[in-house]
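Trainee:
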Amino acid sequence: MVLIAALSGQSAVLLCGVLGLYYVLRVIANYAKLKKFRGPAWTGVSSWPHSMAMLRLNCHEWYAEVSRKYGSNHPFAPGPIARVAPTVLITSSPEVWMHVNNKPGYKRSDWYYNATRIEHRRDNVFSQTDNEKHERRRKQMAPGYSGRENTNLEGSVDERLQDFLDLIRSKYVSSSDQVVPVDMAKKVQFFTLDVISTVGLGKPFGMLQSDYDVDDYLQSSEEGLAIGNTALALGFSWLTQAPFIGRLVAPSPKNNNGFGKMMAACFRLVDERAASATDKRSDMLASFIRHGLAGDELRSEALEQIIAGSDTTAGAIRGALLHIMTNPRVYHKLQREVDDAVRDGRAPATGAGLITAGQAKQLPYLQAVTAEALRVWPPVVNIFPRDIPAGGDTVVVNGESVFLPGGACIGYSAYAMHHSEEIHGKDAAAFRPERWLEADPARLAVMHRTNDLIFGHGKFQCLGKPVAQLEIGKMVFELMRNFDLALVNPTRPWNAQNYLGLFAISDMWVQVTERTGN
1 MVLIAALSGQ
11 SAVLLCGVLG
21 LYYVLRVIAN
31 YAKLKKFRGP
41 AWTGVSSWPH
51 SMAMLRLNCH
61 EWYAEVSRKY
71 GSNHPFAPGP
81 IARVAPTVLI
91 TSSPEVWMHV
101 NNKPGYKRSD
111 WYYNATRIEH
121 RRDNVFSQTD
131 NEKHERRRKQ
141 MAPGYSGREN
151 TNLEGSVDER
161 LQDFLDLIRS
171 KYVSSSDQVV
181 PVDMAKKVQF
191 FTLDVISTVG
201 LGKPFGMLQS
211 DYDVDDYLQS
221 SEEGLAIGNT
231 ALALGFSWLT
241 QAPFIGRLVA
251 PSPKNNNGFG
261 KMMAACFRLV
271 DERAASATDK
281 RSDMLASFIR
291 HGLAGDELRS
301 EALEQIIAGS
311 DTTAGAIRGA
321 LLHIMTNPRV
331 YHKLQREVDD
341 AVRDGRAPAT
351 GAGLITAGQA
361 KQLPYLQAVT
371 AEALRVWPPV
381 VNIFPRDIPA
391 GGDTVVVNGE
401 SVFLPGGACI
411 GYSAYAMHHS
421 EEIHGKDAAA
431 FRPERWLEAD
441 PARLAVMHRT
451 NDLIFGHGKF
461 QCLGKPVAQL
471 EIGKMVFELM
481 RNFDLALVNP
491 TRPWNAQNYL
501 GLFAISDMWV
511 QVTERTGN
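Quick look at the structure:
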C-alpha cells in the first residue's frame, strides 16, 4: 500500500510537471508568434490587462490608447496594428479592417462571439461564427430588414416617434416656473424598443404609451449584458455553453430576471404570431417566416434583433443629442436649418406630419450632424475579432506588406479609427459637423467609407442599418423642431458603461421646453 501511494504521488508530481511545461511552452509560442506587434506590458504573455480594461467598463478607451501608443506612432510598430492579448491584435486602419472583413478565410472568433450567445449552445445571426451558416441566415433575414418586404417600415417608425413626442409633451415639458427633468436615456430606449418590436414583431411593447419598462426589458438587457461582460473578462463565459452545466447557468425563459425574463416575453409574442396562419401583417417576423425561419431559429433571431436593434440605435441617438446640446453653435445652426426646411416646404408644416426619410436626406447640416455624432460616439465599440486564416495573411499598410500569423485574431479599435487625425483632421477629437461639408471629394469619400464601418462591413454589415438611420434622422429633426433641450447637470451629463461593446446609458437628465412660433 505504501509503495502504491508513493507511485501515485510520483505520478501526480510528474503529471503536474508535464502540464506546467506544456503551459510554459504554449505561452512562449504565443508570445513569439506576434512578437513584432507592440502592446502594453504583459499583453504578450497574459490576457489580464485586456480583462481589466473590460472590467473597468471602458475598454474602448483602452483600445484607443493602445492603438495610439503602440500602433503606427510606435517607432518599431508594423503599421497601425497593436497587441492587446497573447493572440489578439487590433487595428485602427480602415483599409486593414475592410480587407479582413472582405477576404475569404477570416471568420468571427469563437472566444468573443460564443460569449454573446443569449441561449445555451444556440447561435443567432450575430453570434454565428461559421461563415456559410452566417451567410445563409443573412439571406433569410435581409429582405425583412431592408423594407422590401416590410412596406410599412417608415410608417411604423413614425407611429412610435409620434408616441415619443406625445409622451414628452404630456409629462415632461418644463416652464420658467418649474423644471420637470426627464431621463432622456430611458425615454429614447423606450422609443427604440417600441420601434423594433413594432417592425420586428408587429406589435409595440407599449413602453412609450405606458411610460414604463414593460416586462423589465430595459433592466433585463442591462443585467444580461453586465453578466456576459464579466464572464468574458474573467474567462468563464464558456461555462454557459458547456454541455451539462451550461443549461444550469445560461439564461432561460424560466428565469425571473436578466435575459431570461426578456426571452420569455419575446418567445410568447413570436409563438402567437407563428401559430396564426391567417395573420397577414407585413413586418420583419412575417418576412423571416416566409424565408424559412421557424421554431427555435425564429425565436432566437427575434430575440437578437430586439436586443441589438434597440441598444445600438438608442446609443446613437443619445450620443447625437448629447453632442448637440453641449455645442451651442451646432445646436442653433441645426435648429435654423430645421426651421428653414419647415418654412420653405422642404419638410411638413408643424402639426401636418413628420419629416420623411427622403426629406431628411436633403438637409445637409442634419446629415453632417448625424454623421459626426456617429463618428465621435460610435454606438458599438468592441473589437469584434476575426480569426486570421491558418496559413496567415498579408495586409498592405502605407505601401508596406505586414504578415499576420495564423492562430491569432485581429479586431478593430473604433475610437482610434473614428478619432483618427489622419482621416478626419487635426481637430478629430472635437465634435464639428462642418468637416463633412468642407472636405474635398477625395477626403470626404474616405471619411464616409470609414464612418460606414460603424455598421460593420461586407458580409458582416449590420442588417439593421436602414432602420437605425431612419430612427436617428427623424428623431433629431423632430426634437429640434418641437422642443428646446438643455442638460440638467452639465458636469455629469450621463452614466455610460461599456458591456460587450454596447453602451448601457442612464441618468441623462434633460430639461425640455416647448418651442413656439418656429
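Just so we're aligned, residue 1 is where the sequence shown starts under UniProt numbering, counting upward by one.
Don't be surprised by glycine CBs; every beta carbon is placed ideally from N, CA and C.
1) By Cβ distance, which residues of its chain are closer than 8 Å to Leu470, with the 5 residues on each side in sequence left out?
2) Near Ala373, what residues of its chain come up, given a Cβ to Cβ distance below 6 Å and the 5 sequence neighbours on each side ignored?
3) Compute the beta-carbon to beta-carbon distance between Pro480 and Gln335, rounded to the nearest angstrom, for a pair I have assumed lies under 8 Å.
4) Candidates Ala53, Ser93, Lys254: which alpha carbon is nearest Gly399's?
5) Would you identify the three-state DSSP class for Thr192, choosing helix, strand or coil?
6) Enumerated in chain order, which unbroken segments of the beta strand (DSSP E) with a length of 3 residues or greater are wholly contained in the region 339-390?
7) Counting beta carbon pairs with one atom in the region 110-125 and one in the region 447-462, are three or more of them shorter than 8 Å?
8) Whole angstroms is fine: what's the gap from Leu293's alpha carbon to Phe267's?
9) Check whether the Cβ atoms of Thr312 and Leu502 lie closer than 8 Å to each other.
10) Measuring alpha carbon to alpha carbon, tell me which of Met263, Ser174, Val199 ends up nearest Tyr217.
11) Going by alpha carbons, who is nearest to Ser252 out of Glu272, Ala352, Glu119?
12) Can you tell me which residues form a DSSP beta bridge with Gln511?
13) Where Leu453 and Gln209 are concerned, what is the direct C-alpha to C-alpha distance, given to the nearest angstrom?
14) According to the neighbour-count rule (16 or more other Cβ atoms, all chains shown, within 10 Å of its Cβ), is Asn102 buried or exposed?
15) So within the region 421-472, which uninterrupted alpha helix (DSSP H) runs reach at least 4 residues, ignoring any that extend past its ends?
16) Could you tell me if His332 is buried or exposed, where buried requires 16 or more neighbouring beta carbons within 10 angstroms of its beta carbon?
17) Of all the options Arg375, Ile410, Val376, Val396, which has the alpha carbon lying nearest to the alpha carbon of Pro389?
18) Expressed to the nearest angstrom, what Euclidean distance is found between the alpha-carbon atoms of Glu304 and Asp110?
19) Using the beta-carbon count (16 or more within 10 Å), is Gln511 buried or exposed?
20) Leaving out the 5 sequence neighbours to the left and right, which residues in its chain are closer than 7 Å to Ser287 when beta-carbon positions are compared?
21) Which whole runs of the alpha helix (DSSP H) in the region 83-116 are 4 residues long or more, in chain order?
22) Rounded to whole angstroms, what is the Cα-Cα separation between Asp427 and Glu222?
23) Please go through the same chain and pick out, in chain order, the residues whose beta-carbon is closer than 8 Å to the beta-carbon of Thr87, but skip the five residues on each side of it.
24) For residue 542, count the other beta carbons within 10 Å of its own beta carbon; 16 or more makes it buried, fewer makes it exposed. Which is it?
25) Using the C-alpha atoms, what's the distance from Leu298 back to Thr415?
26) Using the Cα positions of Leu234 and Ala439, report the straight-line distance between them to the nearest angstrom.
27) For Ser174, which residues of its own chain have a beta-carbon under 7 Å away from its beta-carbon, when the five flanking residues on both sides are left out?
28) When we look at the beta-carbon of Gln178 and count the other beta-carbons within 10 Å, is it buried (16 or more) or exposed?
29) For Ile28, does the count of other Cβ atoms within 10 angstroms reach 16, so buried, or fall short, so exposed?
Mentor: Let me lay it out:
1) The residue labelled residue 470 in the question sits at position 470 within the sequence shown. These residues qualify, in order along the chain: Leu153, Glu154, Val157, Ala357.
2) Start at 1 with the first residue of the sequence shown, and residue 373 comes out as number 373. Answer for Ala373: Gly319, Ala320, His323, listed in chain order.
3) If you number the sequence shown from 1, residue 480 lands on position 480. If you number the sequence shown from 1, residue 335 lands on position 335. The amino acid occupying residue 480 in the given sequence is Met; Pro does not appear at that position. At roughly 5 Å, the Cβ-Cβ gap stays under 8 Å, so Met480 and Gln335 are in contact.
4) On the sequence shown, residue 399 is found 399 positions in, with the first residue counted as 1. Taking only the C-alpha atoms, the option nearest Gly399 is Ser93.
5) Taking the sequence shown and counting its residues from 1, the one referred to as residue 192 is at position 192. Thr192 falls in the helix class under three-state DSSP.
6) Complete beta strand (DSSP E) runs here, min 3: none at all.
7) Touching, no, given that fewer than three Cβ pairs across the two stretches are closer than 8 Å.
8) In the sequence shown, residue 293 corresponds to position 293, counting from 1. In the sequence shown, residue 267 corresponds to position 267, counting from 1. If you take the alpha carbons of Leu293 and Phe267, they lie about 14 Å apart.
9) Within the sequence shown, numbered from 1, the residue matching residue 312 stands at position 312. Within the sequence shown, numbered from 1, the residue matching residue 502 stands at position 502. In contact: Thr312 and Leu502 (Cβ atoms closer than 8 Å).
10) In the sequence shown, the residue the question calls residue 217 occupies position 217. For the residues Met263, Ser174, Val199, the minimum Cα distance to Tyr217 belongs to Met263.
11) As a position in the sequence shown, residue 252 is number 252, starting the count at 1. Comparing Cα positions, the closest option is Glu119.
12) As a working mapping, residue 511 is identified with position 511 in the sequence shown. According to DSSP, which records beta bridges pairwise, Gln511 is partnered with Ala486.
13) Counting from 1 along the sequence shown, the entry for residue 453 is found at position 453. Counting from 1 along the sequence shown, the entry for residue 209 is found at position 209. Cα to Cα, the separation comes out at about 35 Å.
14) If you number the sequence shown from 1, residue 102 lands on position 102. Exposed, since its Cβ has fewer than 16 Cβ neighbours within 10 Å.
15) For the region 421-472, whole alpha helix (DSSP H) runs of length 4 or above, ordered along the chain, are 421-424, 435-438, 441-452.
16) On the sequence shown, residue 332 is found 332 positions in, with the first residue counted as 1. Exposed.
17) Looking up residue 389 in the sequence shown gives position 389. Closest by C-alpha distance to Pro389, out of Arg375, Ile410, Val376, Val396, is Ile410.
18) Taking the sequence shown and counting its residues from 1, one reaches residue 304 at position 304. Taking the sequence shown and counting its residues from 1, one reaches residue 110 at position 110. Their backbone Cα atoms lie some 18 Å apart in a straight line.
19) The sequence position of residue 511 within the sequence shown is 511, counting from 1. Label assigned to Gln511: buried.
20) Taking the sequence shown and counting its residues from 1, one reaches residue 287 at position 287. Sequence-distant partners of Ser287 (beyond 5 residues in either direction) whose C-beta falls short of 7 Å from its own C-beta, in its chain, are Pro143, Gly144, Glu149, Asn150.
21) Fully enclosed alpha helix (DSSP H) runs of 4 or longer: 94-102, 110-113.
22) The sequence position of residue 427 within the sequence shown is 427, counting from 1. The sequence position of residue 222 within the sequence shown is 222, counting from 1. In a straight line, the C-alpha of Asp427 is about 34 Å away from that of Glu222.
23) To locate residue 87, count along the sequence shown from 1; it is residue 87. Within the same chain, Cβ atoms closer than 8 Å to the Cβ of Thr87 are found at Asn30, Lys33, Leu34, Gly407, Ala408, Cys409, the five residues on either side in sequence being excluded.
24) The first residue shown for the chain is 1 and the last is 518, placing residue 542 beyond what the model contains.
25) To locate residue 415, count along the sequence shown from 1; it is residue 415. To locate residue 298, count along the sequence shown from 1; it is residue 298. Residue identity differs from the one stated: residue 415 is Tyr in this sequence, not Thr. Between the C-alpha atoms of Tyr415 and Leu298 there is a straight-line separation of about 34 Å.
26) Locating residue 234 in the sequence shown gives position 234, where the first residue counts as 1. Locating residue 439 in the sequence shown gives position 439, where the first residue counts as 1. Using only the alpha carbons, I get a separation of about 44 Å.
27) Position 174 of the sequence shown holds residue 174. Excluding positions up to five away in sequence, the list reads Val180, Gln511, Val512, Thr513.
28) As a first step, residue 178 is located in the sequence shown; it is residue number 178 there, counting from the start. With fewer than 16 other Cβ atoms within 10 Å, it is exposed.
29) Residue mapping note: residue 28 aligns to position 28 of the sequence shown, counting from 1. That one is exposed.
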